[in-house]
Amino acid sequence: MTNLQEAKLAREAEICYATVAMVTDYDCWRAGHDDVTIDQIVAVLHQNAENAAKMVRAAVAAMPKERKCACTTALQFAVLTQPDAIPAATREKLSLLLGKYLK
Numbered sequence: 003m004t005n006l007q008e009a010k011l012a013r014e015a016e017i018c019y020a021t022v023a024m025v026t027d028y029d030c031w032r033a034g035h036d037d038v039t040i041d042q043i044v045a046v047l048h049q050n051a052e053n054a055a056k057m058v059r060a061a062v063a064a065m066p067k068e069r070k071c072a073c074t075t076a077l078q079f080a081v082l083t084q085p086d087a088i089p090a091a092t093r094e095k096l097s098l099l100l101g102k103y104l105k
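Residue numbers (this note's numbering): 3 to 105.
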């Protein structure tokens, strides 16, 4: 599975985005790897869930109070239409994401 759409939408919303992917088993692609059982996969899933929770707690604790990354202004130059040429109804629809740029 990919997360292309989620990453694209996060960028459009000027949201910082990262992917955490955790492997459960290798038997589907790694030659010579033993087959795994559902019980083994579920055990790894539970461990992965614990690891993910720890990672999220650490990431949130490490977040700066103020964002200074490029994500915060990703849409600054995305709209090429002159602001006065954008109809009021369209401005209203886009205000959540583009309001600060459509002045």
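Built from N, CA and C at the ideal position, the CB exists for glycine as well.
By alpha-carbon positions, which one of the options ends up nearest to residue i?
i: Ala20; options: Thr39, Leu47, Gly101 and Val62; result: Val62
i: Ala72; options: Ile17, Leu6 and Gln7; result: Ile17
i: Ala12; options: Thr74, Val25, Lys95 and Asp86; result: Thr74
Can you tell me whether residue i is buried or exposed, with buried defined as 16 or more other CB within 10 angstroms of its CB?
i: Leu100; result: buried
With residue i as the anchor, note down where its alpha helix (DSSP H) starts and where it stops.
i: Ile88; result: That residue, Ile88, is in no alpha helix (DSSP H); it is neither H nor E in DSSP.
i: Asn50; result: Ile40 to Ala64
i: Lys10; result: Leu6 to Glu14
State the CB to CB distance for the pair residue i and residue j, rounded to an integer number of angstroms; the pair is presumed to be in contact (CB under 8 Å).
i: Ile88; j: Leu104; result: 6 Å
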